[in-house]
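Contents: one structure, followed by commentary.
Number of protein chains: 2
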Amino acid sequence: MHQPKDLQSAGLKATLPRLKVLSLFETSKERHLSAEDIYNILHSSGEDVSLATVYRVLTQFEHAGLLMRHHFESGKSVFELNHGEHHDHIVCLQCDHVEEFYDAAIEARQKKIAAEYGFTIHEHSLYIYADCTKPNCPNKR
Amino acid sequence: MHQPKDLQSAGLKATLPRLKVLSLFETSKERHLSAEDIYNILHSSGEDVSLATVYRVLTQFEHAGLLMRHHFESGKSVFELNHGEHHDHIVCLQCDHVEEFYDAAIEARQKKIAAEYGFTIHEHSLYIYADCTKPNCPNKR
DNA sequence: TGTGCAAATGATAACCATTCTCATTCTCAT
DNA sequence: ATGAGAATGAGAATGGTTATCATTTGCACA
Ligand SMILES: [Mn+2]
Ligand SMILES: [Mn+2]
Ligand SMILES: [Zn+2]
Ligand SMILES: [Zn+2]
Chain C
1 MHQPKDLQSA GLKATLPRLK VLSLFETSKE RHLSAEDIYN ILHSSGEDVS LATVYRVLTQ
61 FEHAGLLMRH HFESGKSVFE LNHGEHHDHI VCLQCDHVEE FYDAAIEARQ KKIAAEYGFT
121 IHEHSLYIYA DCTKPNCPNK R
Chain E
1001 MHQPKDLQSA GLKATLPRLK VLSLFETSKE RHLSAEDIYN ILHSSGEDVS LATVYRVLTQ
1061 FEHAGLLMRH HFESGKSVFE LNHGEHHDHI VCLQCDHVEE FYDAAIEARQ KKIAAEYGFT
1121 IHEHSLYIYA DCTKPNCPNK R
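Chains as they are written, first to last, in the working numbering: chain C, 1 to 141; chain E, 1001 to 1141.
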């Protein structure tokens, strides 16, 4: 699964909880996970990690650049592996299905707008909230 | 200041707390206010409204279409008068200064992207987090 | 390969924004 | 003016997250 190297090169000791959380992100079919998601998934497979540690590890991984944090409207932070390429999200309001996209035109316009207003961009968040068309989505129609 | 008509046409009784909150939005120089902001401003001018009522009224105004709610990274909801025209925001990470913008190209791209992925857009949120160049901003340079 | 100590963890209390509860007060149609 | 129902205030409760601190663990070094 993991090389302790992954963590040590990030300046983090290779502890069991950290290995488990990182492994979960690498094997889960859902890219975007909340602290509670992770806590529940680990516990349901007998891998007990305290909720406090899950929160701590997520924040550490975020600072180390291993994970990215997102603030969807759900109110809870959602994390995903940082693969180094920025992207934005379309979130289904009915089933929480998330699609990722990158649009060079939107990125360029943002840079231009910030410059016009005299701002230096740190980051941005663009979330499109919508209804998806997945067959199993509760958008009953 | 206000006509009770404003509220009644929105299906809301013209109560004192509601009149005060609406008046505050119309007279404040800062368009974007949190529940705590409103609570503090009202109290510092001797207009006591309970915090629970501030929260209730803000949510009612949002549902009535009088206010719009935003989720900045601060973690707390921020509200502004709904003037009917959608816009997005640039938020200074140092001084919380907010600029509003509307970009037709960005809006058009979002519609197109959502359609490509088979989503029907409900709404979207675009926040650019940046450093501003206000003279009083703690961007010491 | 064992030891020591700093760092990490677990359990739980605390925190903060927000919502709920319910007894009291207010609004407004009559 | 009155009364029924809606709104308010005070504070308890909630949900997500962080802080505290005693105990356990990783790992550099002997
Ligand atoms: Mn993503
Ligand atoms: Mn605005
Ligand atoms: Zn869906
Ligand atoms: Zn600033």
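By construction, the Cβ of each residue, glycine as well, lies at the ideal position given by its N, Cα and C atoms.
Interface flag for C/T59 against chain E is unset, since no Cβ pair is found closer than 9 Å.
In its chain, beyond the 5 residues on either side, L67 have a beta carbon closer than 6 Å to the beta carbon of C/F61.
The beta carbon of E/I1041 does not come within 9 Å of any beta carbon belonging to chain C, so the residue lies off that interface. For C/C137, the CB contacts under 6 Å within the same chain, skipping 5 residues up- and downstream, are Q94 and C95 in chain order.
C-alpha of E/A1014 to C-alpha of E/R1056: approximately 14 Å in a straight line.
Identification of residues in the segment 105-132 of chain C having a C-beta nearer than 8 Å to some C-beta of chain E yields A105, I106, R109, Q110, I113, A114, Y117, G118, F119, T120, I121, H122, E123, H124, S125, L126, Y127, I128, Y129, A130, D131 and C132, given in sequence order. Comparing C-alpha distances from C/G11 to each of C/F25, C/V54, C/G65 and C/Y117 shows the shortest one belongs to C/G65. C/C132 sits away from C/E80, with the two beta carbons spaced by 9 Å or more. Here E/K1020 is buried: its Cβ has 16 or more other Cβ atoms, across all protein chains shown, within 10 Å. Chain C has a Cβ within less than 9 Å of the Cβ of E/L1093.
C/D37: member of the alpha helix (DSSP H) spanning A35 to S44, first to last residue. The residues V49, T53 and V57, in chain order, have a CB closer than 7 Å to that of C/P17 in the same chain once the five nearest residues on each side in sequence are set aside.
Legend: CB atoms of the segment 51-78 of chain C lying less than 8 Å from CB atoms of chain E belong to residues H71 and E73. No heavy atom of ligand 2 is found nearer than 8 Å to the CB of C/R69. Interface annotation, E/F1101: in contact with chain C, CB-CB separation under 9 Å.
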